[in-house]
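Going by my numbering, 64 is the number at position 72 of the sequence shown; the sequence numbering is gapless.
Here a beta-carbon is modelled for each residue, glycine too, at the ideal position from N, C-alpha and C.
For reference, the structure discussed in these notes is given below.
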Amino acid sequence: MPTEFAIHALNYKTLAAVLLIGVVPLLLVGMAVYFLGKDRMSRLAALGATSLAVIIGLLGVWQLSAIRLTADATTLTVGGGAYSVSVPMAQIDHAGARRRLPGSDDTALGLRTHGIGMPGLSLGWFRTGKGKAFAAVTDPAKVVILPTTAGYTLLVSPEDPDAFPAALRHR
C-alpha cells in the first residue's frame, strides 16, 4: 500500500503567485477593455480575457493540488500534474539521503530546464552545482537530498524532513 508524505504545494505563497502573475493582470485587462470599449468586439475581447483568467486560475490550483510525494515498496513518485518523476527504490541511494544543512549550497537550484518556479514552489528539472536534479521544493529550509543511480538527484521538501529519509528506508 502506498504511503503519501505531506508536501504542501498549495500554500499562500503559491496561490498568491498564481493570482498576481496569471489571474489579476488578465482580469484587469478584461475590465479595461469592457469599460473602455463600446463595441461588440470589445465586449467579446473582455469576455475572452476574463475566461482565460479563470482557466489559468483553475489550472494553477489543479497543478498545485496534484503535487505529491508517494512511496510504495518498489517506487517513489515525486511531483504531479504536468511535472512528475517515478524512481525505482533500487535506484535511490538510501545511505546518501540527507537533509540539506542550512546555508549549504551544494544542491542549490540553478537553471530551470523544464518545470515551474514561483514563490513557494520549485517543481521540475533543474541544474545544480552537482548536475541534474528533479525538485519538488516548497520550503528551502526543509529540503531532503535523495541521490539516485539514475544520473540525477531528487530534492524534496516533505512536511517532516527529519523523519522522511528513515520512513523511506523502511518502505
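Residue i: first and last residue of the uninterrupted alpha helix (DSSP H) it sits in
i	result
ALA125	Taken as a continuous stretch (DSSP letters only), ALA125 belongs to no alpha helix (DSSP H), being part of the beta strand (DSSP E) at 123 to 129.
MET33	32 to 57
THR6	4 to 9
ALA159	156 to 161
Distance, residue j Cα to residue i Cα
i	j	result
PHE27	ALA1	36 Å
ALA58	PRO111	17 Å
THR66	LEU19	46 Å
GLY72	LEU93	26 Å
ILE47	SER34	20 Å
TYR75	ALA159	24 Å
LEU11	GLY49	7 Å
PRO80	ALA128	17 Å
Three-state secondary structure (DSSP) of residue i
i	result
GLY88	helix
TYR26	helix
PRO132	helix
Residue range of the unbroken beta strand (DSSP E) whose run includes residue i
i	result
THR120	113 to 120
Option in the options with minimal Cα separation from residue i
i	options	result
PHE118	ILE48, VAL16, LEU147	LEU147
PRO157	LEU51, ALA63, LYS30, ALA41	ALA63
GLY123	ILE137, LEU7, THR130, TYR144	TYR144
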